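Shown next, in structure tokens, is the structure this report addresses.
There are 2 protein chains.
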Amino acid sequence: MKTDNVYEAGHTHEAEALTEFCPQYARAINVLGRRWMGVILRVLLTGPHRFNEILGVIPGLSDPTLSQRLRELETEGLVTRRVLPTSPVRVEYELTPAGRDLERVVREISTWAATWMSAAPAT
Amino acid sequence: MKTDNVYEAGHTHEAEALTEFCPQYARAINVLGRRWMGVILRVLLTGPHRFNEILGVIPGLSDPTLSQRLRELETEGLVTRRVLPTSPVRVEYELTPAGRDLERVVREISTWAATWMSAAPAT
Chain A
29 MKTDNVYEAG
39 HTHEAEALTE
49 FCPQYARAIN
59 VLGRRWMGVI
69 LRVLLTGPHR
79 FNEILGVIPG
89 LSDPTLSQRL
99 RELETEGLVT
109 RRVLPTSPVR
119 VEYELTPAGR
129 DLERVVREIS
139 TWAATWMSAA
149 PAT
Chain B
29 MKTDNVYEAG
39 HTHEAEALTE
49 FCPQYARAIN
59 VLGRRWMGVI
69 LRVLLTGPHR
79 FNEILGVIPG
89 LSDPTLSQRL
99 RELETEGLVT
109 RRVLPTSPVR
119 VEYELTPAGR
129 DLERVVREIS
139 TWAATWMSAA
149 PAT
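Here the protein sequences come in this chain order: A and B. Here the first sequence is numbered in this note's numbering, starting from 29 and rising by one per residue. Here the second sequence is numbered in this note's numbering, starting from 29 and rising by one per residue.
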């Protein structure tokens, strides 16, 4: 491991050096990195949504996958499922404070993607 | 879709509202979210590393998976493979400017993880 050969700091406002490995970071990545998770979180960051509203704005996302991801987000404490006492009953998915706090992450990825993703080779 | 019901802005320095869906963001998420990608990128953000150095600091990462991820990172233009003319030859993996620019993303995820991930339920 090389700890003496770090890149020149591009972001000088960041004082502390990154550690090579961090278990909490690895765990967060494992949850947030799951397929479709990042795009679902982005939709929910714009406000509470119903299941079909989320499905409607994400091209290619299937019904069972969205169900599974929403359950996982509930388990992780990032989303709450709210049943509104309307007729018919209306179910909404809403971010918890932990979920809403992901806004900075989503914005940084968006900024990075806007800068670098258009010119990159296709996958 | 509800565009009028947004959460109260917790981060008031962010002026612009997020759009619900952004194709470049979705594409970035699809690359960065792959299993182990985030932890590999974090290691490389601390400086250029040899294959076995990366393998050594990430618990549970297998040799073939690291090979595959590094190839994907090269294809996406985020990592370059450098062959140093030593004896024996030394091969290092180094982030490109696009890869290094992910530091803000990695730092925001780290900050979020340090705040929320310790108290969250185990997966």
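Think of the CB as a built atom: it goes at the ideal place given N, C-alpha and C, for glycine as much as any other residue. Just so you know, these numbers come straight off a predicted model, no measurement behind them.
Out of the options, which has the shortest C-alpha to C-alpha gap to residue i?
{"i": "E104 of chain B", "options": "B:V111, B:V59 and B:G88", "result": "B:V59"}
{"i": "S46 of chain B", "options": "A:S146, A:A54 and A:L130", "result": "The question names Ser, but residue 46 of chain B is Leu in the sequence shown. Looking at the Cα atoms, A:L130 is the closest of the given residues."}
{"i": "L125 of chain A", "options": "B:I82, B:E48, B:W144 and B:E44", "result": "Inspection of the sequence shows that residue 125 of chain A is occupied by Pro rather than by Leu. Of B:I82, B:E48, B:W144 and B:E44, the residue nearest in Cα terms is B:W144."}
{"i": "G127 of chain B", "options": "B:S95, B:P116, B:E81 and B:E100", "result": "B:E100"}
{"i": "T108 of chain A", "options": "A:S146, A:L69 and A:A56", "result": "A:L69"}
{"i": "E44 of chain A", "options": "B:L94, B:T74, B:T114 and B:L98", "result": "B:T74"}
{"i": "A86 of chain A", "options": "A:Q96, A:G66, A:P76 and A:R132", "result": "Looking at the sequence itself, residue 86 of chain A is Ile, so the reference to Ala does not match. Ranking the options by Cα distance to I86 of chain A, first place goes to A:G66."}
{"i": "L98 of chain B", "options": "B:E120, B:S115, B:G88 and B:P116", "result": "B:E120"}
{"i": "R78 of chain A", "options": "A:I137, A:V134 and A:R110", "result": "A:R110"}
{"i": "W64 of chain B", "options": "B:L89, B:A141 and B:P113", "result": "B:L89"}
{"i": "Q25 of chain B", "options": "B:R62, B:Y53 and B:R132", "result": "Summary: the structure shown does not reach residue 25 of chain B, with chain B confined to residues 29 through 151, and so no result is reported for it."}
{"i": "G84 of chain B", "options": "A:W140, A:G84, A:I82 and A:F49", "result": "A:F49"}
{"i": "L106 of chain B", "options": "A:Y53, A:A141, A:R55 and A:A56", "result": "A:A141"}
{"i": "P76 of chain B", "options": "B:L123, B:Y53 and B:P92", "result": "B:L123"}
{"i": "N80 of chain A", "options": "A:R118, A:V133 and A:S138", "result": "A:R118"}
{"i": "V71 of chain B", "options": "A:V133, A:P92, A:I82 and A:P51", "result": "A:P51"}
So residue i is in the beta strand (DSSP E); what residue range does that whole segment cover?
{"i": "L112 of chain A", "result": "V107 to L112"}
Let me know the secondary structure DSSP gives residue i once reduced to three states.
{"i": "E122 of chain A", "result": "strand"}
{"i": "T74 of chain B", "result": "coil"}
{"i": "P116 of chain B", "result": "coil"}
{"i": "D32 of chain A", "result": "The pLDDT assigned to D32 of chain A is 43, lower than 50, so where the model puts this residue is not dependable, and the model offers no usable value."}
{"i": "L98 of chain A", "result": "helix"}
{"i": "D91 of chain A", "result": "helix"}
{"i": "R55 of chain A", "result": "helix"}
{"i": "R135 of chain A", "result": "helix"}
{"i": "W140 of chain A", "result": "helix"}
{"i": "H39 of chain A", "result": "The predicted model places H39 of chain A with a pLDDT of 46, which falls under 50 and marks its position as unreliable, so this point remains unresolved."}
{"i": "R128 of chain A", "result": "helix"}
{"i": "G66 of chain B", "result": "helix"}
{"i": "T103 of chain B", "result": "helix"}
{"i": "C50 of chain B", "result": "coil"}
{"i": "M145 of chain A", "result": "coil"}
With respect to the alpha helix (DSSP H) encompassing residue i, which residues constitute its N-terminal and C-terminal limits?
{"i": "A45 of chain B", "result": "Neither: A45 of chain B is in no alpha helix (DSSP H) and is coded neither H nor E."}
{"i": "G84 of chain B", "result": "F79 to V85"}
Is residue i near the ligand FAD, going by C-beta to nearest heavy atom under 7 angstroms?
{"i": "I82 of chain B", "result": "Absence of the ligand FAD from the depicted structure is noted, as is the absence of any ligand whatsoever, leaving it without description."}
Contacting positions in the stretch 48-61 of chain B - beta carbon closer than 8 angstroms to chain A: Within the stretch 48-61 of chain B, contact with chain A at the beta-carbon level (separation under 8 angstroms) is assigned to E48, F49, C50, Q52, Y53, A54, R55, A56, I57, N58, V59, L60 and G61.
For the stretch 120-138 of chain A, which residues have a CB atom closer than 8 angstroms to at least one CB atom of chain B, in sequence order? Correct list: L123, A126, R128, D129, L130, E131, R132, V133, V134, R135, E136, I137 and S138.
Closer than 8 angstroms, Cβ to any Cβ of chain A: which residues of the stretch 69-92 of chain B, in chain order? Contact annotation: in the stretch 69-92 of chain B, residues whose CB is within less than 8 angstroms of a CB in chain A are R70, V71, L73, T74, G75, P76, H77, E81, G84, V85, I86 and P87.
Chain A contacts from the stretch 91-106 of chain B (Cβ-Cβ distance under 9 angstroms): From the stretch 91-106 of chain B, only E100, T103, E104, G105 and L106 have a Cβ closer than 9 angstroms to chain A.
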